[in-house]
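J.: Numbering (the working numbering), first residue to last: 9 to 277.
Here you go, one structure.
Printed below as a string of structure tokens:
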């Protein structure tokens, strides 16, 4: 070779097998009398059985906890929603152009002091209005006699955010049926109002069956269970608040709870 020139040779070497204990040792490779260190990468150890078991247990525990929390949220969804509303103070009634929170419909033609009428005037309306601060429309109470019946009902239904229907065995009068059918039409077709059904007597005992009534979701139905439903913290009143328009609620007169219980006793007499 000419003086001062050099020859570069590139040759790869491979190791077919090596013991694990040798991985921690530094290795030298000699080429033409010159040497340099070329440490081999250390082999990563396998996951130990203890770490694997711990990971599996942690994963299962987290999954069960998530499922449990979801179950609690579903079970107590009404209480959670009511708590959220009370904390945030949300009011969906502002600027909606409605005058009443609910239009109350019930059978009142059978007897002047029927159980349903007594329940509507002495239990449901006083508690919703005086305890929870809702504004209800009751045809017999709020309309001056002499106007066109159908026009008046349609007008006030348009002004209401909810239609509350108290269902009972004698729900057969033309007025009550018209209110129910009009409300169901506005709820299912026009989407202008939401219907709340109060089962004063079980639906299985009703003397009539409307197909549209069966289409209403179960979540829109509330069952009145007498004395069990009287306390303001009962499932009945919580679900009523849940289904009513969202607005800040302030408990005003808790003494009405006692009157509601007395009314329930009177209904049984």
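For each residue, glycine too, the CB sits at the ideal point set by N, CA and C.
This one's a predicted model, so the numbers in the text were calculated from it and none came from an experiment.
If you follow the beta strand (DSSP E) that residue 206 is part of, which residue opens it and which one closes it?
T.: Where residue 206 is concerned, the enclosing beta strand (DSSP E) stretches over 202-207.
J.: Quick one, are the C-beta atoms of residue 195 and residue 201 less than 8 Å apart?
T.: The answer is yes: Cβ separation under 8 Å.
J.: Which of helix, strand or coil does DSSP assign to residue 92?
T.: In this structure, residue 92 counts as helix in the three-state DSSP scheme.
J.: Reducing DSSP to helix, strand and coil, say where residue 246 ends up.
T.: Looking at residue 246 - three-state DSSP - the assignment turns out to be helix.
J.: Pull up the DSSP beta-bridge partners for residue 80, would you.
T.: None, per the DSSP bridge assignment.
J.: With 16 other CB atoms within 10 Å as the buried threshold, where does residue 226 fall?
T.: Counting Cβ neighbours within 10 Å, residue 226 comes out exposed, since fewer than 16 surround it.
J.: Would you kindly report the start and end of the unbroken beta strand (DSSP E) that includes residue 113?
T.: 110-113 is the span of the beta strand (DSSP E), which, as asked, contains residue 113.
J.: Quick check: the Cα distance between residue 168 and residue 192, rounded to an integer number of angstroms?
T.: Computed Cα separation, rounded: 13 Å.
J.: Between which two residues does the alpha helix (DSSP H) carrying residue 197 extend?
T.: Segment: none, residue 197 is in no alpha helix (DSSP H) and carries neither H nor E.
J.: Whether or not the region 232-240 and the region 74-81 are in contact is what I'm after, with contact meaning three or more pairs of Cβ atoms, one per stretch, closer than 8 Å; do they touch?
T.: No: the two stretches stay apart, fewer than three of their Cβ pairs being nearer than 8 Å.
J.: Grab me the residues of residue 98's own chain with a C-beta within less than 6 Å of its C-beta, minus the 5 sequence neighbours each way, in chain order.
T.: Only 254 meet the Cβ criterion.
J.: Does the distance from the C-beta atom of residue 174 to that of residue 114 stay below 8 Å?
T.: Going by C-beta atoms, residue 174 is nearer than 8 Å to residue 114.
J.: DSSP beta-bridge partners for residue 146?
T.: In DSSP, residue 146 forms a bridge with 112.
J.: State the Cα-Cα distance for the pair residue 165 and residue 171, rounded to the nearest angstrom.
T.: For residue 165 and residue 171, the distance between alpha carbons rounds to 8 Å.
J.: What is the DSSP secondary structure of residue 41, reduced to helix, strand or coil?
T.: For residue 41, the pLDDT reaches just 48, beneath the cut-off of 50, and the residue's location in the model is therefore unreliable, although a value from the coordinates is still provided. Of the three classes helix, strand and coil, the one that applies to residue 41 here is coil, per DSSP.
J.: Measuring alpha carbon to alpha carbon, tell me which residue in 85, 128, 257 is nearest residue 176.
T.: Answer by Cα proximity: 128.
J.: Rounding to the nearest angstrom, what Cα-Cα distance links residue 83 and residue 89 in this structure?
T.: Between residue 83 and residue 89, the C-alpha separation is close to 12 Å.
J.: For residue 257, which of helix, strand or coil comes out of DSSP?
T.: DSSP places residue 257 in coil when its eight states are reduced to three.
J.: In the DSSP output, which residue or residues are listed as bridge partners for residue 231?
T.: Answer is 207, bridged to residue 231.
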